[in-house]
Amino acid sequence: MSLTRIRASLSRALRREHGATDPILVIAAIAVSLVLLVGGSFAVAGMIANGKDLNAKGDLDKVATAEAAWAGNPKVTTVQNSYVPYLSGSTATALAYNLAATGGFVSGTALEKADVGFTPTDGGRLAVVTDSGYSAWAAVSKSSTGAIFIRTSTSSKVGQLTGAAGNYTLPSGVTLPTGISLTGLNGALTTATGF
């Protein structure tokens with residue numbers, strides 16, 4: 003077959019009706035592609051937000067592990083033999099976030115700067131308050147999404163705080179240990195700022 007015959011055959015095929023593209027089908031394909039692209043973007047954003055919340059909850063699990071190491075036997079540190087208060091992002095080793103029975107605050111050691119500790123997730127905020135005898139703790143973790151979660155030494159249950167700063171309420175199923183009141187916890191979070 004010569005080149006001219008191939009060209010002629012190709013030219014005839016392109017002029018036929020079934021070789022043409024339907025503009026409605028092209029528009030529909032573009033619309034479907036855009037819907038899938040936008041829907042996928044929202045799904046990815048939702049997964050990212052969920053991941054940030056899971057990181058904040060994971061920080062609460064790390065607090066429980068670190069606090070158990072502080073108070074456990076045999077002792078792994080000679081600095082302190084009980085639970086310790088903590089505030090992420092602090093530049094000081096000694097913090098003033100121990101919730102005293104009087105509602106005041108006394109010094110503690112930062113977990114990330116001490117013998118036993120961890121570094122919390124970037125972009126979040128984490129505070130641990132103890133009772134005046136350092137025998138119980140409540141940890142609050144703020145996700146970079148703005149959600150605020152709580153876990154205490156009385157249970158492994160993690161719940162989300164509701165309400166406004168300075169007036170948070172506990173989620174159902176999460177109880178504060180003896181020696182830490184909701185009023186005291188709200189006061190500590192207000193003093194800590196960022197919650």
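Using my numbering, read the sequence shown as starting at 3 and increasing by one per residue. Using N, Cα and C, we set each Cβ at its ideal position, and we do this for glycine too. This one's a predicted model, so the numbers in the text were calculated from it and none came from an experiment.
Status (buried if at least 16 other CB within 10 Å, exposed otherwise) for residue i
{"i": "Asp-55", "result": "buried"}
{"i": "Thr-154", "result": "buried"}
{"i": "Phe-197", "result": "buried"}
{"i": "Gly-186", "result": "buried"}
{"i": "Pro-87", "result": "buried"}
{"i": "Thr-195", "result": "exposed"}
{"i": "Ser-143", "result": "buried"}
{"i": "Ile-182", "result": "buried"}
{"i": "Val-40", "result": "exposed"}
{"i": "Ala-138", "result": "buried"}
{"i": "Asp-133", "result": "buried"}
Where residue i falls: helix, strand or coil (DSSP)
{"i": "Leu-39", "result": "helix"}
{"i": "Ala-166", "result": "strand"}
{"i": "Ser-158", "result": "strand"}
{"i": "Thr-279", "result": "Residue 279 is absent from the model: the chain starts at 3 and stops at 197."}
{"i": "Thr-195", "result": "coil"}
{"i": "Pro-25", "result": "helix"}
{"i": "Thr-67", "result": "helix"}
{"i": "Phe-120", "result": "coil"}
{"i": "Ser-11", "result": "helix"}
{"i": "Gly-53", "result": "helix"}
{"i": "Gly-48", "result": "helix"}
{"i": "Gly-74", "result": "coil"}
{"i": "Lys-59", "result": "helix"}
Residues that residue i bridges to, as DSSP identifies them
{"i": "Tyr-88", "result": "Val-130"}
{"i": "Lys-144", "result": "Arg-127 and Ile-150"}
{"i": "Thr-185", "result": "BP columns for Thr-185 are empty, so no partner."}
{"i": "Thr-171", "result": "Thr-164"}
{"i": "Trp-139", "result": "Thr-132"}
Residues of its chain near residue i, where Cβ-Cβ distance is below 6 Å and the 5 sequence neighbours each way are ignored
{"i": "Ser-146", "result": "Lys-54, Gly-125 and Gly-126"}
{"i": "Thr-123", "result": "Asn-57 and Asp-61"}
{"i": "Leu-163", "result": "Ile-150, Ile-152 and Tyr-170"}
Cβ-Cβ separation, residue j to residue i (assumed contact under 8 Å), whole Å
{"i": "Ile-152", "j": "Leu-172", "result": "7 Å"}
{"i": "Ser-90", "j": "Trp-72", "result": "Ser-90 to Trp-72, Cβ: 17 Å. No contact."}
{"i": "Val-34", "j": "Ala-68", "result": "Contact doesn't hold; Cβ gap of about 51 Å is too wide."}
{"i": "Val-160", "j": "Lys-59", "result": "5 Å"}
{"i": "Ser-158", "j": "Ala-47", "result": "No, Ser-158 and Ala-47 are not in contact; Cβ-Cβ is about 30 Å, not under 8 Å."}
{"i": "Thr-192", "j": "Gly-168", "result": "5 Å"}
Cβ shell of residue i (< 8 Å), same chain only, five flanking positions each side left out
{"i": "Leu-178", "result": "Ala-140, Thr-154, Thr-156, Leu-172, Leu-184 and Leu-187"}
{"i": "Ser-174", "result": "Gly-161"}
{"i": "Gly-135", "result": "Ser-84 and Gly-181"}
Chain-order list of residues whose beta-carbon lies under 7 Å from that of residue i (same chain, five-residue window excluded)
{"i": "Lys-64", "result": "Phe-120"}
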